[in-house]
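Q:
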Amino acid sequence: MKKGLALLSCLVLVGCIAPIDEENADGGAGVQDAGPGGGGGGGGGGQGDAGGGGGQDGGVNPNIESKTIQQIQTGDVAENTELRIDEAVVTAVVSDQGFFIQQGSGNHSGIFVYGPESTATEGLVRGARVTLTGTYVEFASEGSSTSQLAYPTVEVLGADGVLPEPLILEPSALLGEGAELYEGVLVTIGDVEILNANPDEPGDFGEIEVTGGLRIDDYIYGEMENGGAFVRMVGTRFSSITGIGHESFGHRKLLPRDADDLVLDGDQPDPPATEVVAITAIQDGTVEAGRTVTVERGIVTAVVTGRATGFWIQQGGGPYSGIYVYVGNRDAQLPQGLEQGSRVDVTGRVAEYQGSTQLQDPVVVVGDSGALPEPESLQVVDLVTDNTQAEQWEGVLVSVTNVTISEANPDGDNDYGEFVLAGGLRVDDYIFDDLESGELFPREVGTQFNRITGIAHESYGNKKLLPREATDITLP
């Protein structure tokens, strides 16, 4: 919790530092983008922000020395060397992060190319033939190191590249020292089942653990976090799983690219029966974290996409009546037909993330539309001063009246689109991006509001209000 997706950046000449991911820093909304990389011990690797990312910039320089991927992966190239790769095939594209390439098939034939801007290069798709230049770096995560090419300049030669046949391996081949042979390489394992549906519990970084202890990670295929085409539970069996061999945060992993890479094996276990509970029972602590429960006939009060993907639901009104449902990272899709006002049944696992209770791994049934609850009319003091008092409104649609900005940017040099109201309540742009634009109102000390409506929330030790749209802001 994509995932948060606190990606690390390898600055080539000065080693690895951790830039602040806007939505997962102190000051971000703290509703996770739970892609890999979002948690120390397990949770995915984040491929490592290795620097700026280039895309095409005047074409590939032919004067830069050419090397093969195998030379890089076998240690024949010094770290921080600028080099050229002549004709490789793109085996996977990671949205807004980079892509994997391969030369031929076999050991040491693949590598990750980090460069968010490069993913927008015209024609850069799976199967494309490319030539590129970049700087070879080693991205270090806790207990792991993976080879990458950073600062790429990419030239797409054509879309007619022949994808390498995946190497057929036993899961054990991707574990232990020999696993480095397959880092960045397209491989297939067969006849495995889920042994642990969430090895990072109580966090959740979209991973499963299969036979032999190998982790299957949703870094490329974000829908996997919520099962996608399979039931994410112990006992689910696969006749084969195809993906890119990888290591991060001390764990060997396989990164499927889409649903077709996950082939189920015959009949699957039935999802466990779940208890139907009220949201109030979850939020007041009657239902403990870790339990899978069903909430029926909740009304969707707010939807968030583009950072994390999820929505808030509410049953009636009053204290403890609302909760956040985490669907997945920024690439995940909302259930079809779900929108503000939808009536839904949600089955999910109760979890805590950054001080906020939520439902994870949801199975959502979207019904008809219902009436939105009236916002609870509160004072700022109700949402900030006493933790017990404030917590009862977490996830609930509320409004505060006659309020004034006391601090325009509480995060100093960082700016996460927040401001503080007199009394200490932060107003956050997590749902409504235009909040920080300054077009609706002057984002400055002294600006007054008749009313601000939104979802009461907490993250990184800060009590917050999350407006949903322009109509949630009423000026004098």
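Residues in the sequence shown are numbered consecutively from 840, following this note's numbering.
Just so you know, even glycine gets a beta-carbon here, dropped at the ideal spot from N, CA and C.
Given the structure is predicted, the values throughout are model-derived calculations rather than measurements.
1) Along the chain, which unbroken stretches of the alpha helix (DSSP H) at least 4 residues long are found entirely within the segment 1133-1171?
2) Do Leu-971 and Thr-992 have their beta-carbon atoms positioned less than 9 Å apart in this structure?
3) How is Pro-903 classed by DSSP in three states: helix, strand or coil?
4) Hey, Asp-1221 and Val-1204 are a contact pair by Cβ (cut 8 Å); roughly how many whole angstroms apart?
5) Given a cut-off of 9 Å, decide if Gly-1082 and Ile-1059 are closer than it, judged by their beta-carbon atoms.
6) DSSP three-state call for Val-1073: helix, strand or coil?
7) Just the Cα atoms here: how many angstroms apart are Thr-1050 and Ile-1033?
8) Specify the secondary structure class of Gln-909 as computed by DSSP and reduced to three states.
9) Does the beta-carbon of Ile-1312 have 16 or more other beta-carbons within 10 angstroms, so that it is buried, or is it exposed?
10) Could you please give the first and the last residue of the uninterrupted beta strand (DSSP E) stretch that includes Asp-925?
11) Going by DSSP in three states, Tyr-1021 sits in which element: helix, strand or coil?
12) What did DSSP end up calling Asp-1184 once you bin it into helix, strand or coil?
13) On the three-state DSSP scale, how would you describe Gln-871?
14) So Ala-1190 packs on Gly-1234, CB below 8 Å; how close in whole Å?
15) Between the C-alpha atoms of Gly-890 and Glu-1135, what's the straight-line distance to the nearest angstrom?
16) Report the CB separation of Ile-1270 from Ala-1141 in whole angstroms; it is logged as a contact under 8 Å.
17) Are the Cβ atoms of Ser-1238 and Glu-1257 separated by less than 9 Å?
18) Going by Cα to Cα distance, which pick from Asp-1200, Gln-1228, Gln-1175, Gln-1199 is closest to Gly-1206?
19) Between the alpha carbons of Gly-928 and Arg-1130, how many angstroms are there, rounded?
20) Just mark Asn-1168 as buried or exposed, buried being the case when its beta carbon has 16 or more other beta carbons within 10 Å.
21) On the three-pair Cβ rule with 8 Å, is the segment 1075-1091 touching the segment 1010-1023?
22) Measure the Cβ-Cβ separation of Ala-1231 and Tyr-1165 and say whether it is below 9 Å.
23) Do you know whose CA, among Gly-937, Ile-1121, Gly-1089, lies nearest Arg-1054's CA?
24) Pull up the DSSP beta-bridge partners for Ser-986, would you.
A: Result, derived from the coordinates:
1) none
2) As a first step, residue 992 must be located in the sequence shown, where it is residue number 153. As a first step, residue 971 must be located in the sequence shown, where it is residue number 132. Taking 9 Å as the Cβ cut-off, Thr-992 and Leu-971 qualify as a contacting pair.
3) Numbered from 1 along the sequence shown, position 64 holds the residue referred to as residue 903. Strictly speaking, residue 903 in this sequence is Ile, with Pro absent from that position. Three-state result, Ile-903: coil.
4) Reading the sequence shown from its first residue, position 382 is the one you call residue 1221. Reading the sequence shown from its first residue, position 365 is the one you call residue 1204. 34 Å between Cβ atoms; not a contact.
5) For the purposes of this step, residue 1059 is taken as residue 220 along the sequence shown, with counting starting at 1. For the purposes of this step, residue 1082 is taken as residue 243 along the sequence shown, with counting starting at 1. For Ile-1059 and Gly-1082, yes; Cβs fall inside 9 Å.
6) Position 234 of the sequence shown, counted from the start, is the residue given in the question as residue 1073. It is coil, neither helix nor strand.
7) On the sequence shown, position 211 is the one that residue 1050 refers to. On the sequence shown, position 194 is the one that residue 1033 refers to. If I take the Cα positions, the gap works out to 7 Å.
8) Counting from 1 along the sequence shown, the entry for residue 909 is found at position 70. Gln-909 sits in a helix when the DSSP states are folded into three classes.
9) On the sequence shown, position 473 is the one that residue 1312 refers to. Classification of Ile-1312: buried, given that the 10 Å Cβ count is 16 or more.
10) Working through the sequence shown from its first residue, we reach residue 925 at position 86. Unbroken beta strand (DSSP E) run through Asp-925: 921-933.
11) Residue mapping note: residue 1021 aligns to position 182 of the sequence shown, counting from 1. Looking at Tyr-1021 - three-state DSSP - the assignment turns out to be helix.
12) Taking the first residue of the sequence shown as 1, we reach residue 1184 at position 345. Residue state, collapsed to three classes: strand.
13) In the sequence shown, counting from the first residue as 1, residue 871 sits at position 32. Below a pLDDT of 50, predicted positions are generally treated as unreliable, and Gln-871, at 45, falls in that range; the measurement from the model is reported next regardless. Correct three-state label for Gln-871: coil.
14) By one-based count along the sequence shown, residue 1190 stands at place 351. By one-based count along the sequence shown, residue 1234 stands at place 395. Distance from Ala-1190 to Gly-1234 at the Cβ level is roughly 13 Å; contact not present, criterion being Cβ atoms closer than 8 Å.
15) Translated into the one-based positions of the sequence shown, residue 890 becomes position 51. Translated into the one-based positions of the sequence shown, residue 1135 becomes position 296. Note that Gly-890 scores a pLDDT of 34, beneath 50, so its modelled location is shaky and nothing firm can be said.
16) As a position in the sequence shown, residue 1270 is number 431, starting the count at 1. As a position in the sequence shown, residue 1141 is number 302, starting the count at 1. Confirmed, about 6 Å.
17) Locating residue 1238 in the sequence shown gives position 399, where the first residue counts as 1. Locating residue 1257 in the sequence shown gives position 418, where the first residue counts as 1. Going by C-beta atoms, Ser-1238 is not nearer than 9 Å to Glu-1257.
18) Mapped onto the sequence shown, residue 1206 falls at position 367. Checking every option, the nearest Cα to that of Gly-1206 belongs to Gln-1175.
19) Within the sequence shown, the letter at position 89 stands for residue 928. Within the sequence shown, the letter at position 291 stands for residue 1130. What sits at residue 928 in the sequence shown is Val, not Gly. Spanning the two alpha carbons is a distance of roughly 44 Å.
20) Working through the sequence shown from its first residue, we reach residue 1168 at position 329. So Asn-1168 counts as buried.
21) yes
22) As a position in the sequence shown, residue 1231 is number 392, starting the count at 1. As a position in the sequence shown, residue 1165 is number 326, starting the count at 1. Here the sequence assigns Gln to residue 1231, which means Ala is not the residue at that position. Cβ atoms of Gln-1231 and Tyr-1165: not closer than 9 Å.
23) If you number the sequence shown from 1, residue 1054 lands on position 215. Closest by alpha carbon: Gly-1089.
24) Counting from one through the sequence shown, the residue named residue 986 turns up at place 147. DSSP lists Glu-977 as partners of Ser-986.
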